[in-house]
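Note that the numbering used here has the first sequence beginning at 3, numbered continuously upward.
I have placed the structure first, in the form of C-alpha cells, so that the comments after it can refer back to it.
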Amino acid sequence: MTIEIFDTKSGRKAPLVPLEAGHVRMYVCGITAYDYCHIGHARSALVFDMMVRYLRHRGYRVTYIRNFTDIDDKIINRAREQQTTPEELAERFIRMFHEDMERLGVAAPTLEPKATEHLPQIITLITQLIERGMAYQSGQDVFFRVDRFKDYGALSGRNLEEMQAGARIAINEAKENPLDFALWKGSKPGEPTWESPWGPGRPGWHIECSAMSREYLGDTFDIHGGGKDLVFPHHENEIAQSCGATGAAFANLWVHHGFVTIKDEKMSKSLGNFLTIRDVLARYEAETLRLFIFSTQYRNPVDFSEEAMAAAETGLRRLYACLAEIALLPETAGTDKPGLATQSEQKKIKGLAEQFQEAMDNDFNTAQALGLLFEAVKTMNRIRQALPRKPAASDLTLLRQGAESLRGLATILGLLGENPLCYTQRKQTDFLKEHGLDAATIEGLIEQRNAARVAKNWQQADALRDRLQKLGIEIQDSAGFTTWKVRM
RNA sequence: GGCGGCGUAGCCAAGUGGCUAAGGCAGCGGUCUGCAAAACCGUUAUUCACCGGUUCAACUCCGGUCGCCGCCUCCA
Numbered sequence: 003m004t005i006e007i008f009d010t011k012s013g014r015k016a017p018l019v020p021l022e023a024g025h026v027r028m029y030v031c032g033i034t035a036y037d038y039c040h041i042g043h044a045r046s047a048l049v050f051d052m053m054v055r056y057l058r059h060r061g062y063r064v065t066y067i068r069n070f071t072d073i074d075d076k077i078i079n080r081a082r083e084q085q086t087t088p089e090e091l092a093e094r095f096i097r098m099f100h101e102d103m104e105r106l107g108v109a110a111p112t113l114e115p116k117a118t119e120h121l122p123q124i125i126t127l128i129t130q131l132i133e134r135g136m137a138y139q140s141g142q143d144v145f146f147r148v149d150r151f152k153d154y155g156a157l158s159g160r161n162l163e164e165m166q167a168g169a170r171i172a173i174n175e176a177k178e179n180p181l182d183f184a185l186w187k188g189s190k191p192g193e194p195t196w197e198s199p200w201g202p203g204r205p206g207w208h209i210e211c212s213a214m215s216r217e218y219l220g221d222t223f224d225i226h227g228g229g230k231d232l233v234f235p236h237h238e239n240e241i242a243q244s245c246g247a248t249g250a251a252f253a254n255l256w257v258h259h260g261f262v263t264i265k266d267e268k269m270s271k272s273l274g275n276f277l278t279i280r281d282v283l284a285r286y287e288a289e290t291l292r293l294f295i296f297s298t299q300y301r302n303p304v305d306f307s308e309e310a311m312a313a314a315e316t317g318l319r320r321l322y323a324c325l326a327e328i329a330l331l332p333e334t335a336g337t338d339k340p341g342l343a344t345q346s347e348q349k350k351i352k353g354l355a356e357q358f359q360e361a362m363d364n365d366f367n368t369a370q371a372l373g374l375l376f377e378a379v380k381t382m383n384r385i386r387q388a389l390p391r392k393p394a395a396s397d398l399t400l401l402r403q404g405a406e407s408l409r410g411l412a413t414i415l416g417l418l419g420e421n422p423l424c425y426t427q428r429k430q431t432d433f434l435k436e437h438g439l440d441a442a443t444i445e446g447l448i449e450q451r452n453a454a455r456v457a458k459n460w461q462q463a464d465a466l467r468d469r470l471q472k473l474g475i476e477i478q479d480s481a482g483f484t485t486w487k488v489r490m
C-alpha cells in the first residue's frame, strides 16, 4: 500500500515515492514574522504536523524544514510603526509563534531556517541565475527574467500571455517584463542591508525558500507545501528560480492546504475577519481546535464558527468518555462464559487500524479517519453498555484492545494524548475555578438533595437539582449514590 | 476578464462508476430513572444544486445553467 498525495502541479493524486527509499524530504513555507499568527496559520502548522506524524507512523524517516521569513517589506514597515528594528520585531514574533506552536502541541520541524541566516546561499543562487541569463541587474535591483523560463505558470495553470493581458501590477520601468520579480532589492536608507555583488541590499521574498530548501534538502526533494494562496506567485517563482539555477527538477509533489474561513470568506487582515491563535486558545482547548481542523480534509476550506467549535468539543468529550469508561472496567473477568461481542463488532474493532490507514493513505483524509474512530467508539460503547455485572474475559480484552488502538491512532492526529480520567477531572476543575465554585459547596447541596430524596420529597429534590443546574452542574443518580459533573 | 475549486440531510462532513450514501452536532421516539442526566437502541437524504448526455448501471464521467468561494496584489 502506498500513500497517495494530491499534487497541485499535476492536478491529481500521485503515489509518494521518496527519492531516497524510506526517507521523505519536505519543505514547507512558514510565516512572515511581523504579527501574531491567526488560525489560518494554525491550520497550516497542524496539517503539516499531522502529515509528518503520519509519515513517521508509516515508517518513514522525515526531514521536515519549515522556514521563517524574517526580512521583508511588511516587517520593515511594522518595525517602523512600532519604533523598533526589523530584527527585534521578527525575533519577537518568532518567539510568539513558538509559544503558539507549543500550546497547539505542534512538534518542532527538523529545522526552522531563517532567511537572514542564509545570505551567502541566496547570493550564490542569484549569481548562478545571472550567469545563466535567467536574471538581470537593473539599477540596484536584480530581477528574474520570467520569459526565459519556459515552464513559468505550470504550477498555477496559467501562461505568460494571459497573465500579461490581465496584469494588475503597475508597470515598473526597471523591469524588462512586468511579471519579472525581484530577487534582490537595493536597500533604502535605514533598512537592513547586506553586501552583495550588486551593491548593498536585501533578498526578495521568493529567493530565500529556493536557497534554504536547496541548502537542507538538495536541488530535488519530495514534497513542498504551503497554503493555497502561495501557489501563485510564491511557489511558481520558487520553481522558476530553483530550476532556472540548477537545471534540475525541484519538488516532486506540491501540497497545498485550504483556508480557514469565517462565514465562508477567507480570513485575512484586510477584511479584519481573522482570529489569532491566542484569541481562540483563550476560549477553546488546543485539542478542540485540532479536532475541528481535522474534521475537514486539508484541501477543502474549513469554516470557523462557535457552533463548529462547540460540536468539536462535544465530539472530543465523547472520545474521551469512551476511553474513561473502558478504563474503569473491572480488571478481571467475572465469568468464563463466551463474550457478547458479535463477530462483526469484533471485526470492526480489530480492523480499525487498517481502515484508518486506508483513509490516511488516501491524501491524508483525516475527516474519514475521524469518522472511523467515532464509529469504533459507537461499537465499543454498545458492547460496554450491554456488559453484565460479571463480564466475560473476551469482551474485556476486546474493549481494552479497542481503546488502546483508538488512543494510538488518535495520537497520530495529536488527539487523545491526555489520560481520559484526568481530562474530565481537569475540565471540571477549570470550570469550577472559572465560576468561583468549589466541590464542597456542590456536594453539600447534593447531600441535601439526597436527604430529600430519601424522604421522597421530590419537589425539594428537584428544586435543589435545578439550583445546581443553574450553577452549571449536572447530576447523575446511580444506584445508591450520586455523581456530578460540570456542564461543558 | 483569465484560471481553479466547491454545491451531499436542520448544520458540519466523508464517499466519487455497481454492495444499506460513513461519521459528528442538533432534533424526535424508546431503554434506564421517582423525575432527570449520561450511555445505549431506533429514527431524520428513495436521494447527492439544476438540466441534458455517455453507460447495462452516475452522487460519482461528459456538456450546459445557476449559486458560492479562491488566486491573478502581500497573504497559511
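All C-beta atoms, glycine included, are put in the ideal place defined by N, C-alpha and C.
Given the structure is predicted, the values throughout are model-derived calculations rather than measurements.
For I125, the three-state secondary structure derived from DSSP is helix.
Contact between the region 42-51 and the region 232-244 is absent, with fewer than three C-beta pairs closer than 8 angstroms. In this structure, the alpha-carbon of R285 lies about 20 angstroms from that of K487. Counting only residues of its own chain and dropping the five nearest sequence neighbours on each side, A314 has a CB closer than 7 angstroms to the CB of T290, L293, F294, S297. Under the 10 Å beta carbon count, A463 is surrounded by 16 or more other beta carbons and is classified as buried.
Under the 10 Å beta carbon count, K187 is surrounded by 16 or more other beta carbons and is classified as buried.
Between M28 and I209, the gap from beta carbon to beta carbon reaches 7 angstroms or more.
Counting only runs of at least 4 residues, the region 137-183 fully encloses the following alpha helix (DSSP H) elements, listed from N- to C-terminal order: 162-167. Counting only the Cα atoms, G317 lies some 30 angstroms from V30.
Beta-bridge pairing by DSSP links H226 to Y29, W256.
Per DSSP, K392 is not a residue of any alpha helix (DSSP H), being assigned neither H nor E. When Q345, Y138, A23 are compared, the shortest CA-CA separation from L57 is found for A23.
Remark: C-beta atoms of I414 and H25 do not approach each other more closely than 7 angstroms. With a minimum length of 3 residues, the unbroken runs of beta strand (DSSP E) contained wholly in the region 51-87 fall at 63-68. For the pair E164 and F146, the Cα-to-Cα distance works out to about 19 angstroms. Secondary structure of L113 (DSSP, three-state): strand. Taken in chain order, the whole beta strand (DSSP E) runs of length 3 or more contained in the region 261-323 are 262-264, 304-306. Remark: C-beta atoms of A117 and T71 approach each other more closely than 7 angstroms.
In the displayed model, W460 falls within a helix according to three-state DSSP.
Pairwise C-beta distances place the region 252-271 out of contact with the region 328-339, as fewer than three of them are shorter than 8 angstroms. In the displayed model, N367 falls within coil according to three-state DSSP, outside both helix and strand.
With respect to I78, A92 sits apart: the two C-beta atoms are not nearer than 7 angstroms.
A direct Cα-to-Cα measurement between Y300 and A465 gives close to 48 angstroms. V54 and Y66 have their alpha carbons spaced roughly 8 angstroms apart. At least 7 angstroms separates the beta-carbon of G410 from that of I351.
Looking at R469, Q471, Q461, R455, the one whose alpha-carbon comes closest to that of S480 is R455.
Separation of the CB atoms of V262 and F306 is rounded to 6 angstroms, and the pair is thereby assigned contact status at 8 angstroms. Taking a cut-off of 8 angstroms for Cβ pairs, the region 93-109 and the region 32-42 touch, as three or more such pairs fall below it. Annotation for P17: the continuous beta strand (DSSP E) segment containing it runs 14-17. Burial check for H43: the Cβ neighbour count within 10 Å reaches 16 or more, so the residue is buried.
Ranking L162, C39, T10 by CA distance to the CA of D102 puts C39 first.
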